[in-house]
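**Student:**
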Amino acid sequence: MTTTAADLWHHYGRERAATDRSVPETFSWAWSQDGGPGAEALGDLTGLCVGDLGAGSARQAAHLVAHHQPARVVAVDASAARHAMATGLYSGLAPRLHLVHADAVEHLRTMRGSYDVLYSVFGAVDFTDPRDLLPAAGAALRPGGRLVFSTLAHYLNGEPAESEVVHADIAAKTPDGTPATVRRWVLREHLWVNLLDAAGLSHTTVDVLPAPEGGQRTADTLLVTASRK
Ligand SMILES: C[S@@+](CC[C@H](N)C(=O)[O-])C[C@H]1O[C@@H](n2cnc3c(N)ncnc32)[C@H](O)[C@@H]1O
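Under numbering that gives the first Met the number 0, the residues of the sequence shown are numbered 0 to 228, in order.
1. From C48 to V116, what does the alpha carbon distance come to, in whole angstroms?
2. How big is the Cα-Cα spacing for A60 and G122?
3. Rounded to whole angstroms, what is the Cα-Cα separation between R130 and R227?
4. Identify, in the order they occur along the chain, each residue of the same chain with its Cβ nearer than 8 Å to the Cβ of G42, setting aside the five sequence neighbours on each side.
5. Helix, strand or coil: which one does DSSP assign to H106?
6. Roughly how many angstroms separate the alpha carbons of V207 and F26, rounded to a whole number?
7. Below 8 Å between beta carbons: does that hold for A17 and L88?
8. Can you say whether A235 is buried or exposed, counting buried as having 16 or more other CB atoms within 10 angstroms of its CB?
9. Would you kindly work out how many angstroms separate the C-alpha atoms of G35 and A218, rounded to a whole number?
10. Given that a residue counts as buried once 16 or more other Cβ atoms are within 10 Å of its Cβ, and exposed if not, what is K201?
11. Please confirm whether T220 has its beta-carbon closer than 8 Å to some beta-carbon of chain D.
12. Given this structure, state the Cα-to-Cα distance separating A80 from L98, to the nearest angstrom.
13. Quick check: the Cα distance between L7 and H106, rounded to an integer number of angstroms?
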């Protein structure tokens with residue numbers, strides 16, 4: 000992938016990557032990373048082709064490869080820094096873990112009907128126009144394949160999610176520290192259901208995972224699952 004835009008994810012996860020090189024024992028969908036359902040929300044992955052959209056340092060993808068039996072997990076991230084971080088941490092899990100530096104929409108458009116399961120943990124689904132990403136994800140799934148993602152149920156400052164399909168500009172930093180913004184889609188439940196339906200996905204379920212009382216990372220999470228029609 001070649002890009003000239005500043006990598007706005009350059010700083011994210013860097014501190015943890017320097018000190019924690021382990022494959023996580025657990026998989027969490029919740030913003031708090033504390034409790035709630037785990038990898039079982041993806042269904043039985045045995046022998047399946049799985050894609051992580053916006054995998055970051057690929058900790059969840061590494062967990063699936065190490066603790067479940069998928070044929071392959073493809074961890075896709077558009078950030079060069081995050082892809083490099085994932086490579087430094089988990090390249091030893093190849094070939095069942097395949098780390099791809101690409102924009103998720105572009106990647107999915109080359110993978111029509113290829114995936115059994117796609118997922119995103121506050122990943123590309125949150126930071127990409129859903130009118131582009133969800134149809135590409137639907138088309139990249141085989142019929143009956145599943146998309147599962149976690150996303151914010153409301154803004155981190157407590158403001159409610161949007162009632163129309165619009166993004167917010169969220170504070171970020173370029174690699175040299177210059178303030179910038181990234182687009183984030185924080186949408187109400189019914190909008191996700193409608194967008195998924197328009198993208199060729201059905202049987203949508205949305206669960207709200209409440210933030211734990213008194214935790215440090217307090218936001219409710221929407222855990223959304225849908226299947227390709
Ligand atoms: C908040 S991080 C979450 C990373 C990981 N899922 C986790 O839970 O640690 C969001 C990630 O999504 C990636 N991302 C955002 N939009 C993307 C897109 N269109 N294609 C691929 N990756 C994307 C960013 O580069 C970033 O690494």
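Beta carbons: idealized from backbone N, C-alpha and C, even for Gly.
**Tutor:** From the atom records:
1. Taking the straight line joining both Cα atoms gives about 7 Å.
2. The straight-line gap from Cα to Cα measures roughly 12 Å.
3. Going by C-alpha positions, R130 is about 16 Å away from R227.
4. V116 and R145
5. helix
6. 17 Å
7. no
8. What is shown of the chain runs 0 to 228, which leaves residue 235 out entirely.
9. 13 Å
10. Rather than Lys, the amino acid found at residue 201 in this sequence is Ser. Classification for S201: exposed.
11. Included in the structure is just one protein chain, with no chain D present.
12. Rounded to the nearest angstrom, the two C-alpha atoms are 13 Å apart.
13. Going from the Cα of L7 to the Cα of H106 covers about 20 Å.
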